[in-house]
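Reading through the structure tokens given below for one structure.
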Amino acid sequence: MEDYESDIYGRFFYDQITNSDILIINKCDLVSQEEPLRITAVLKERNPAAIILQGVHGSIDLPENAARGAFTPVHSHLEFDSFSWRKDGRVDTSQTRSLFEGLAEGRFGRIIRSKGLFNLSGSSIR
18 MEDYESDIYG RFFYDQITNS DILIINKCDL VSQEEPLRIT AVLKERNPAA IILQGVHGSI
78 DLPENAARGA FTPVHSHLEF DSFSWRKDGR VDTSQTRSLF EGLAEGRFGR IIRSKGLFNL
138 SGSSIR
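Structural data, given as structure tokens:
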């Protein structure tokens with residue numbers, strides 16, 4: 018809710034909620050009992066048609082209609098790599114610009130999805 022209320026992810030965050038068929042609220046064991054209800058209300062306001070499930074440690078209880086085919090698993094034959102990088106402190110603006118230029122020019126291969134938050138000198142970008 019902090020990220021939602023701070024608008025740190027902007028339009029991307031809203032698009033993800035609005036265009037999802039199923040939304041999972043995870044880590045419900047780490048918050049008060051009221052917090053998942055509050056989150057559910059916000060999600061329902063943004064996407065009334067979505068199925069909203071609550072999870073603990075990435076595990077969810079599927080509703081009974083899942084067994085009757087309401088959920089269709091999607092299997093992809095695409096192969097992909099995932100990479101994650103974290104740096105404490107600020108990131109150099111010129112290096113960040115060079116990274117984005119490289120992504121746009123295809124220097125790092127075919128990038129399907131990329132996201133990140135960058136804490137730059139004097140500002141932040143996402």
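Throughout, the numbering used here is defined as the position within the sequence shown, counted from one, plus 17. Each residue gets a CB set at the ideal place from its N, CA and C atoms; glycine is no exception. On a predicted model such as this, the values are computed, not experimentally measured, just so you know.
Within the region 20 to 71, the alpha helix (DSSP H) runs of at least 4 residues that lie entirely inside it are, in chain order, 27 to 35 and 51 to 63. The C-alpha of residue 133 is placed about 11 angstroms away from the C-alpha of residue 117.
The straight-line gap separating the alpha-carbon atoms of residue 137 and residue 103 is approximately 13 angstroms. For a cut-off of 8 angstroms, the C-beta gap from residue 47 to residue 60 is around 18 angstroms, too long to register as a contact. For the options 67, 111 and 18, the alpha carbon positioned closest to that of residue 49 is the one of 18. Look at residue 134 here: in three-state DSSP terms it is coil, with no helix or strand label.
When only Cα atoms are considered, residue 126 and residue 51 end up about 44 angstroms apart.
With respect to the C-alpha of residue 65, the residue from 135, 35 and 98 having the closest C-alpha is 35. The beta carbon of residue 108 sits closer than 7 angstroms to the beta carbons of 135, 136 and 137 from its chain, once the five residues preceding and following it are set aside; these are given in chain order.
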